[in-house]
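*Asks:*
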Amino acid sequence: MSDTRIADIKGRRVWDSRGRPTVEVDVRLKSGASGRAIAPAGASMGSGEAVDLRDGGAKLGGYDVGRAVNAVNSEIAVALASMDAADQAAIDQAMIALDGTANKGRLGGNAIVATSMAVLHAAAAASGVPLWQHLAQDRKVRIPLPEIQIFGGGAHAARRVDIQDFMVMCPGAASFAQALEWTAEVYLAAGHIMKQAGKLQGVADEGGYWPAFRSNEEALDTLVASILKAGFKGGDDVAISLDVAASEFGKNGTYTLALDDRKLDTGAMIDMLGRWCEAYPIISIEDPVAEDDAEGFAAFTRAYGDRCQVIGDDFLVTNAARVGKAAADGATTAVLIKPNQAGTITETRAALDAGKAAGFGTIVSARSGETEDVTIVHLSIGWDAGQLKVGSFSRSERMAKWNECLRIEETLGRDTVFAGRGALGFRR
Ligand code: PGA
Ligand code: ZN
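If you read the sequence shown in the working numbering, its first letter stands for residue 46, the second for the next number, and so on.
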C-alpha cells in the first residue's frame with residue numbers, strides 16, 4: 046500500500062469563466078501521488094449555501110480570494126498535515142471543525158471545497174484508477190442523462206428574461222454520445238433561428254444564446270422551434286427542462302416577472318408553470334417557486350410532480366437534512382447536487398444519499414462560474430447520480446465536462462449503461 050498521508054498542500058489564485066479570481070488547491074501525498082481541484086462560483090445562490098471568502102474592497106470588484114488562498118496555505122495546510130487522504134470523512138470533519146462557523150464563512154467555502162476535492166483526487170491517484178472508478182469501487186454505475194442549456198437567462202443574462210435556464214434533455218437517446226449529438230443539432234438549429242430573426246447577440250454566462258426575447262413564452266416557443274428544426278419530435282426523444290430559479294425574483298409569496306411587467310402570487314406562479322407544462326414538452330422544472338416557499342414547492346409537486354421532475358436547488362442547497370424534510374413533505378421529486386453549496390465532498394455525498402433514499406432524481410451540477418475542473422463529472426458517474434447539469438453546449442469550461450463524460454463512456458465500452466429516461470425523478 047502506498048502512503049496516503051498528506052505531505053503538502055498548496056493553494057493559489059486562478060481565474061474562472063467570468064474572469065473572476067477563484068481558489069485552486071494542489072495536494073501531494075507522502076507516496077508522491079497528487080490531486081488538484083478548483084472551486085466554482087455561483088451567481089444565483091441559495092441563502093443556505095456555504096459562503097465563499099472574498100476580499101471585498103474595490104480591487105477586482107471585491108471578488109479577490111487572497112484571504113481564502115491564505116487560509117489554505119496556513120491554517121488548513123497545518124491542520125491536515127500528515128492526515129490520511131483516504132479518510133475523506135476525517136479530512137472534511139477537520140476542516141469543518143477548524144472553520145467553526147455554520148456557513149464555512151471564516152476559512153471560506155471556496156477554500157474548503159477546493160481542498161476537499163483535491164484530497165479526493167489525490168486519494169484516487171494513489172489508488173491508481175480514475176476518480177469515477179475510485180468512487181464506484183466494484184459497484185455498477187450509469188453514465189448520466191445530461192441536462193443542457195440552449196438559452197441562458199435570469200442572473201446569467203443581466204435578467205434579460207426572468208427564467209434562468211431553457212434546457213433540453215434527450216430521454217430517448219441510447220447513449221450519452223447520442224444525447225450530445227442530438228443536443229448539438231438543437232443548439233445549431235437554435236443559432237440559425239436566432240440569426241434569421243436578427244436576435245443573435247452572443248451567449249450568456251453558461252454558454253446558452255443570449256435571450257433576446259420579448260417574453261418568457263417566446264423563449265419557450267423558440268426552443269420548441271429549434272427542437273423541431275433539428276428534426277426531433279418534441280417530448281419523446283428531446284424534451285424541455287427549465288430552471289426557473291424563482292428565488293431570484295420571488296420572496297414572501299410575490300413573484301415579479303420583470304419582462305412581462307406582472308406580479309404573481311404563489312398560486313398564479315404555479316398556474317403559469319402548469320400552463321407551460323400543458324403547452325410545451327417539459328419534463329423537468331427546477332426551483333419553480335422561491336426558496337422561502339416550502340408550501341409552494343409542495344403544491345407544485347402535488348399538481349405536476351407525477352409527470353414533471355421537480356428539482357430543489359436554492360431550496361435544498363445540497364443539504365441532507367433539507368433533502369430529508371423535502372421528502373417527508375412531498376416538496377420536490379429531485380435534488381440538485383452542487384459540491385460548493387455543501388462545502389465538502391462528505392456533506393455533498395450525504396445530500397446525494399438522502400436524495401437516493403427518498404427515491405428522488407439526483408443531478409450533479411456545475412455553477413455558472415466554472416473552470417477546466419471536471420470533478421463533478423466523476424462524482425456524477427462514480428456516485429451513480431443518473432443526471433448531470435453543466436450549462437450549455439459552448440465555452441470550454443462547459444465542453445471540458447461533456448468531453449470528459451464522453452471519454453469515460455468510451456472507457457466503459459460494452460459495460461456502459463446510459464441512465465436515460467429512467468434517471469428522472471417523479472412523484473409516485
Ligand atoms: P449559479 O446558478 O451557479 O449561478 O448559482 C446555477 C443554478 O441555479 O442551477
Ligand atoms: Zn438552479
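The C-beta atom is built at its ideal place from N, Cα and C for all residues, glycine as well. Note that the structure is a prediction, hence the values are computed from the model and not measured.
When the distance is taken between beta carbons, is glycine 276 closer than 9 Å to glutamate 230?
*Replies:* In contact: glutamate 230 and glycine 276 (Cβ atoms closer than 9 Å).
*Asks:* Can you tell me where the beta strand (DSSP E) with leucine 302 in it begins and where it stops?
*Replies:* First-last of the beta strand (DSSP E) with leucine 302: 299-302.
*Asks:* According to the neighbour-count rule (16 or more other Cβ atoms, all chains shown, within 10 Å of its Cβ), is arginine 412 buried or exposed?
*Replies:* Burial call: buried.
*Asks:* Run through the DSSP bridge pairs and tell me what threonine 311 is partnered with.
*Replies:* Paired residue(s): none; threonine 311 is not in a bridge.
*Asks:* Quick check: isoleucine 136 and tryptophan 447, are their CB atoms within less than 9 Å of each other?
*Replies:* It is not a contact, given that the beta carbons lie outside the stated cut-off.
*Asks:* Under a three-way DSSP split, which group does threonine 49 fall into?
*Replies:* Here threonine 49 sits in coil by DSSP.
*Asks:* Measuring straight from C-alpha to C-alpha, what distance separates tyrosine 300 and valine 206?
*Replies:* So the alpha carbons of these two residues sit roughly 14 Å apart.
*Asks:* Is it the case that the Cβ atoms of phenylalanine 211 and leucine 268 are separated by a distance below 9 Å?
*Replies:* For phenylalanine 211 and leucine 268, yes; Cβs fall inside 9 Å.
*Asks:* If you run the structure through DSSP and keep just helix, strand and coil, what is glycine 280?
*Replies:* Here glycine 280 sits in coil by DSSP.
*Asks:* Is DSSP giving leucine 180 helix, strand or coil here?
*Replies:* The answer is helix: DSSP assigns leucine 180 an H, G or I state.
*Asks:* Could you have a look at lysine 434 and say whether DSSP puts it in helix, strand or coil?
*Replies:* If DSSP states are grouped into helix, strand and coil, lysine 434 belongs with the strands.
*Asks:* Exposed or buried, glycine 341, counting other C-beta atoms within 10 Å across all chains shown (16 or more means buried)?
*Replies:* Buried, by the Cβ-count rule.
*Asks:* Between alanine 372 and glutamate 392, what straight-line distance do the alpha-carbon atoms span, to the nearest angstrom?
*Replies:* Roughly 18 Å between the two C-alpha positions.
*Asks:* How far does the beta strand (DSSP E) with phenylalanine 258 in it reach, from first residue to last?
*Replies:* Here phenylalanine 258 belongs to no beta strand (DSSP E), and DSSP marks it neither H nor E.
*Asks:* Can you tell me whether threonine 146 is buried or exposed? The criterion is at least 16 other CB atoms within 10 Å of its CB, across all chains shown.
*Replies:* Exposed is the call here.
*Asks:* Just to check, is the beta-carbon of serine 89 closer than 8 Å to a non-hydrogen atom of the ligand ZN?
*Replies:* Serine 89 Cβ: within cutoff of the ligand ZN.
*Asks:* So arginine 81 is in the beta strand (DSSP E); what residue range does that whole segment cover?
*Replies:* Note, arginine 81: beta strand (DSSP E), 79-83.
*Asks:* Taking the Cβ atom as the reference point for each residue, do valine 114 and alanine 156 lie within a distance shorter than 9 Å?
*Replies:* Yes. Within cutoff.
*Asks:* Going by DSSP in three states, arginine 320 sits in which element: helix, strand or coil?
*Replies:* Helix at arginine 320.
*Asks:* Alpha carbon to alpha carbon, how far is alanine 366 from aspartate 358?
*Replies:* The alpha-carbon atoms of alanine 366 and aspartate 358 are separated by roughly 14 Å.
*Asks:* Please classify glutamate 69: does DSSP put it in a helix, a strand, or coil?
*Replies:* Strand, per DSSP.
*Asks:* At a cut-off of 8 Å, would you count serine 410 as near the ligand PGA, judging by its Cβ distance to the nearest heavy atom?
*Replies:* At least one heavy atom of the ligand PGA is nearer than 8 Å to the Cβ of serine 410, so yes.
*Asks:* Please report how far the alpha carbon of threonine 407 lies from the alpha carbon of methionine 214, in whole angstroms.
*Replies:* Their backbone Cα atoms lie some 14 Å apart in a straight line.
*Asks:* Taking just the CA atoms, how far does threonine 49 sit from alanine 169?
*Replies:* For alanine 169 and threonine 49, the distance between alpha carbons rounds to 10 Å.
*Asks:* Alpha carbon to alpha carbon, how far is leucine 318 from alanine 376?
*Replies:* For leucine 318 and alanine 376, the distance between alpha carbons rounds to 16 Å.
*Asks:* Does the distance from the CB of glutamate 262 to the CB of tryptophan 321 come in under 9 Å?
*Replies:* Cβ atoms of glutamate 262 and tryptophan 321: closer than 9 Å.
*Asks:* If you measure from the CB of serine 62, is any heavy atom of the ligand PGA nearer than 8 Å?
*Replies:* Checking the Cβ of serine 62 against the ligand PGA gives no.
*Asks:* Going by other Cβ atoms of all chains shown within 10 Å of its Cβ, with 16 needed for buried, is glutamate 323 buried or exposed?
*Replies:* So glutamate 323 counts as exposed.
*Asks:* Return the residue from the list Arg151, Asp132, Gln138 and Lys149 that minimises the CA-CA distance to leucine 165.
*Replies:* Nearest of Arg151, Asp132, Gln138 and Lys149 to leucine 165, Cα basis: Asp132.
*Asks:* Should isoleucine 356 and aspartate 338 be called a contact, given that it needs their Cβ atoms to be closer than 9 Å?
*Replies:* No, the pair does not count as a contact, with Cβ atoms beyond the cut-off.
*Asks:* Which stretch, first to last residue, makes up the beta strand (DSSP E) that contains glutamine 354?
*Replies:* Segment 354-357, the beta strand (DSSP E) holding glutamine 354.
*Asks:* Among residues of its own chain, excluding the 5 on either side of serine 423, which ones have a beta-carbon nearer than 6 Å to its beta-carbon?
*Replies:* Note that residue 423 is histidine in the sequence shown here, rather than serine. Counting only Cβ-Cβ distances below 6 Å, and skipping sequence neighbours, we find Leu176 and Trp177.
*Asks:* Just to confirm, are leucine 361 and glycine 91 a CB contact at a threshold of 9 Å?
*Replies:* In this structure, glycine 91 lies closer than 9 Å to leucine 361 by Cβ.
*Asks:* Which residue wins for smallest C-alpha separation from valine 409, given the options Ile272, Ile188, Ser127 and Gly107?
*Replies:* Of the listed residues, the one whose Cα sits closest to valine 409 is Ile188.
*Asks:* Which same chain residues end up closer than 8 Å to aspartate 310 when comparing Cβ atoms and leaving out the 5 residues on each side of it in sequence?
*Replies:* Result list for aspartate 310: Gly298, Thr299 and Tyr300, in chain order.
*Asks:* Which value, in whole angstroms, describes the spacing of the CA atoms of lysine 383 and alanine 82?
*Replies:* Each residue's Cα considered, the two are about 14 Å apart.
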